[in-house]
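>
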Amino acid sequence: MLTLIRGGRVFAPEDLGTKDVLIAGGKISALAAPGAVRIEGADVEILDASGMFVVPGLVDSHVHILGGGGEGGPTTRAPEIRIEDIAACGITTVIGCLGTDGVTRHPESLLAKARALDLEGVSTWVFAGSYEIPVRTLTGSVRSDIILIDKVVGAGEIALSDHRSSQPSFQEFARLAAECRVGGMLGGKAGILHLHLGDGPRRLDFLFRLVRETEIPIGQVVPTHVNRSRELFAQALEFARLGGTIDLTAGAEDIPASEPDLSVVEAVRLCREGGVPPARLTVTSDGNGSLPVFDATGKLVRLSVAGQKDFFENFRALVRRKVLGLEDALKPFAANPAAVYKLPGKGRIAADMDADLLVLDKDLNLRDSFGRGRRLVAAGRVVVRGTFSHS
Ligand code: ZN
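To convert, note that position 52 of the sequence shown is 53 in our numbering; the numbers rise steadily by one, no gaps.
1) Taking 7 Å as the line, does the beta carbon of D287 fall inside it for any heavy atom of the ligand ZN?
2) Among G374, V384 and V378, which has the Cα closest to the Cα of L3?
3) Let me make sure I understand the geometry here. Which of G184, G185 and I159 has the alpha-carbon closest to that of F174?
4) Determine which residues share a DSSP beta bridge with L292 and list them.
5) State the Cα-Cα distance for the pair A339 and R39, rounded to the nearest angstrom.
6) Do A352 and A31 have their C-beta atoms closer together than 8 Å?
7) Given that a residue counts as buried once 16 or more other Cβ atoms are within 10 Å of its Cβ, and exposed if not, what is E216?
8) Which residues share a DSSP beta bridge with F54?
9) Just jot down, in chain order, the residues whose CB lies closer than 5 Å to any heavy atom of the ligand ZN.
10) Suppose contacts are defined by Cβ-Cβ distances below 8 Å. Is H1 in contact with H195 by that definition?
11) So the candidates are T283, T94, S131 and F240; which of them puts its Cα closest to the Cα of L120?
12) To the nearest angstrom, how far is the alpha carbon of M53 from that of W126?
13) Would N366 be called buried (16 or more neighbouring beta carbons within 10 Å of its own) or exposed?
14) Per DSSP, what kind of secondary structure is D119 in: helix, strand or coil?
15) Please identify the residue among I29, A280 and P135 whose C-alpha is closest to the C-alpha of F171.
16) Enumerate in chain order the residues of its own chain whose CB-to-CB distance from T1 is below 6 Å, with the five nearest sequence positions on each side excluded.
17) By the three-class DSSP mapping on this structure, what secondary structure does S264 have?
18) Mapping the DSSP letters down to three states, classify V104 as helix, strand or coil.
19) Straight-line CA distance for D21 to P14?
20) Taking P278 as the reference, which of I256, L301, F240 and G290 has the closest Cα?
21) In whole angstroms, give me the CA-to-CA distance for G399 and V284.
22) Where do the N-terminal and C-terminal ends of the alpha helix (DSSP H) with V183 fall, by residue?
23) Taking the alpha-carbon positions, what's the V294 to I256 distance?
24) Tell me the DSSP bridge mates of D61?
25) Below 8 Å on the Cβ atoms is my guess for F234 versus A268; work out the distance and round it to an integer in Å.
26) Does DSSP classify G275 as helix, strand or coil?
27) Where do the N-terminal and C-terminal ends of the beta strand (DSSP E) with F371 fall, by residue?
28) May I ask which residues mark the beginning and end of the beta strand (DSSP E) holding R83?
29) Can you say whether D357 is buried or exposed, counting buried as having 16 or more other CB atoms within 10 angstroms of its CB?
30) Relative to the C-alpha of V154, which residue among N337, L319, S230 and V143 is closest?
31) Would D364 and V378 qualify as a contact pair, given that the criterion is a beta-carbon distance under 8 Å?
32) Starting from the C-beta of G299, find all residues in its chain whose C-beta is less than 7 Å away, skip the five residues before and the five after it, and write them out in chain order.
33) Take S230 as the anchor and find which of P202, E85 and G103 has the nearest alpha-carbon.
34) In whole angstroms, give me the CA-to-CA distance for R78 and G290.
35) Verify the contact flag: G91, CB atom, against every heavy atom of the ligand FAD, threshold strictly below 7 Å.
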């Protein structure tokens, strides 16, 4: 099946102006001046995108696809994600991870779920491990997981500076970063060590020590949830200025100044003011993770499940509030994670890249989306269906 998206303004993420985009065999096979593509003797589905934006599908590199949580006991284990919910948020690629619970959630099930989502229509990779060190793996070591299992791009989310972490020593942490580095090199992967940062006072200490005391490049580790407090975020800015990549967790658009968290909009604004190059920033949803709230004594008082809606809304808010232009907003939500985690064919619109595309109207509402050329959303409605979904 051939599809021609006609007359949209293409952001690759660079603004390429008005182009026709031809999709064939799951790939972008041509990007041409309007009217320049001529096809005879084959059926072509035409999608008129005039007055619309055509942008890369979003890449969400921290999603609890199996469900996270469990911090309040077995009834608080969050549910598995559904393909429909991913598609509804303009996401075409996810990296799946376990979370606090590495006992009743397993790397094998994470891999199986990733494979299922892949067959259903979005592209997936996974991290080895859960919060803890030693890391639970598929093959016996993080290094061999990264080298031998195509979908494993690194280890994560490993928890630091958090009461739920395994309280690893610096040596254990540095050794894990080394496993990721060498595994990545031998496997031709990014081999990123993706780190959950809690609200503990040690903050990014281990990451700064890694840069100072070892030969491991700063780009090997990516801290996430760095907008969970102003103090942590101040250190994250410093880490990014040193050359590191930092990851923001999506959330409510407006957060009162009395709350510890920073919204993505505010954090991005501070990154710009703080001289952080746009390539050093990614945003993720933490989708289907739990959002536990603990009191001062560490007792769980509230729990809800994170969705991916905030992720898409934060992306739109950055543009609508003129914090970033569309071109720059697409970087932390698509181009940067694809580059940081070395996801082939992802994050950009160009010939021979995967046909992961969104069509957005002028208010950035999602009209249509394609995952490897397959229609996920059509005329504003999610059309992809999971195996066990009805209607
Ligand atoms: Zn986390």
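Ideal Cβ placement from N, Cα and C applies to all residues, glycine included.
Answer, in terms of the structure:
1) Position 286 of the sequence shown, counting from 1, holds the residue named residue 287. Checking every heavy atom of the ligand ZN against the Cβ of D287, one is found closer than 7 Å.
2) Your numbering for residue 3 matches position 2 in the sequence shown. Out of G374, V384 and V378, G374 has the C-alpha closest to the C-alpha of L3.
3) Stepping through the sequence shown from its first residue, residue 174 is reached at position 173. Taking only the C-alpha atoms, the option nearest F174 is I159.
4) As a first step, residue 292 is located in the sequence shown; it is residue number 291 there, counting from the start. L292 is bridged to S305.
5) Here residue 339 corresponds to residue number 338 of the sequence shown, with the count starting at 1. Here residue 39 corresponds to residue number 38 of the sequence shown, with the count starting at 1. Approximately 32 Å between the Cα atoms of the pair.
6) Taking the sequence shown and counting its residues from 1, one reaches residue 352 at position 351. Taking the sequence shown and counting its residues from 1, one reaches residue 31 at position 30. Going by C-beta atoms, A352 is nearer than 8 Å to A31.
7) Residue mapping note: residue 216 aligns to position 215 of the sequence shown, counting from 1. E216 comes out exposed.
8) As a first step, residue 54 is located in the sequence shown; it is residue number 53 there, counting from the start. The partner list for F54 (beta bridge, DSSP) reads R10 and L361.
9) E158 and H197
10) Only positions 2 to 392 of the chain appear in the structure, and residue 1 is not among them; the question remains open.
11) Within the sequence shown, numbered from 1, the residue matching residue 120 stands at position 119. Measuring from the Cα of L120, the nearest candidate turns out to be T94.
12) Here residue 53 refers to the residue found at position 52 when the sequence shown is read from its first residue. Here residue 126 refers to the residue found at position 125 when the sequence shown is read from its first residue. Each residue's alpha carbon lies about 30 Å from the other.
13) Mapped onto the sequence shown, residue 366 falls at position 365. Exposed is the call here.
14) Reading the sequence shown from its first residue, position 118 is the one you call residue 119. Helix at D119.
15) Counting from 1 along the sequence shown, the entry for residue 171 is found at position 170. The option with the nearest alpha carbon to F171 is P135.
16) Nothing can be reported for residue 1, as the shown portion of the chain is limited to 2 through 392.
17) Reading the sequence shown from its first residue, position 263 is the one you call residue 264. If DSSP states are grouped into helix, strand and coil, S264 belongs with coil.
18) Here residue 104 corresponds to residue number 103 of the sequence shown, with the count starting at 1. If DSSP states are grouped into helix, strand and coil, V104 belongs with coil.
19) In the sequence shown, the residue the question calls residue 21 occupies position 20. In the sequence shown, the residue the question calls residue 14 occupies position 13. Cα to Cα, the separation comes out at about 15 Å.
20) To locate residue 278, count along the sequence shown from 1; it is residue 277. It is F240 whose Cα lies nearest to the Cα of P278.
21) Past the boundaries of the shown model lies residue 399; the chain is included only from 2 to 392, so the question cannot be answered.
22) The residue labelled residue 183 in the question sits at position 182 within the sequence shown. F171 to G188 is the span of the alpha helix (DSSP H), which, as asked, contains V183.
23) In the sequence shown, counting from the first residue as 1, residue 294 sits at position 293. In the sequence shown, counting from the first residue as 1, residue 256 sits at position 255. Their Cα atoms are separated by approximately 16 Å.
24) Translated into positions along the sequence shown, residue 61 becomes position 60. D61 pairs with V95.
25) If you number the sequence shown from 1, residue 234 lands on position 233. If you number the sequence shown from 1, residue 268 lands on position 267. Confirmed, about 6 Å.
26) Taking the sequence shown and counting its residues from 1, one reaches residue 275 at position 274. Of the three classes helix, strand and coil, the one that applies to G275 here is coil, per DSSP.
27) Numbered from its first residue, the sequence shown carries residue 371 at position 370. Element bounds for F371: L367 to G372.
28) The residue given as residue 83 occupies position 82 in the sequence shown. Element bounds for R83: n/a, residue is neither H nor E.
29) For this step, residue 357 is matched to residue 356 along the sequence shown. D357 should be labelled buried.
30) As a working mapping, residue 154 is identified with position 153 in the sequence shown. Taking only the C-alpha atoms, the option nearest V154 is V143.
31) As a working note, residue 364 is residue 363 in the sequence shown. As a working note, residue 378 is residue 377 in the sequence shown. Contact: no.
32) By 1-based counting over the sequence shown, the position of residue 299 is 298. For G299, where only same-chain residues beyond five positions count, the Cβ hits under 7 Å are H164.
33) By 1-based counting over the sequence shown, the position of residue 230 is 229. Looking at the Cα atoms, P202 is the closest of the given residues.
34) Indexing the sequence shown from 1 puts residue 78 at position 77. Indexing the sequence shown from 1 puts residue 290 at position 289. Their Cα atoms are separated by approximately 9 Å.
35) Among the ligands modelled here, namely the ligand ZN, the ligand FAD does not occur.
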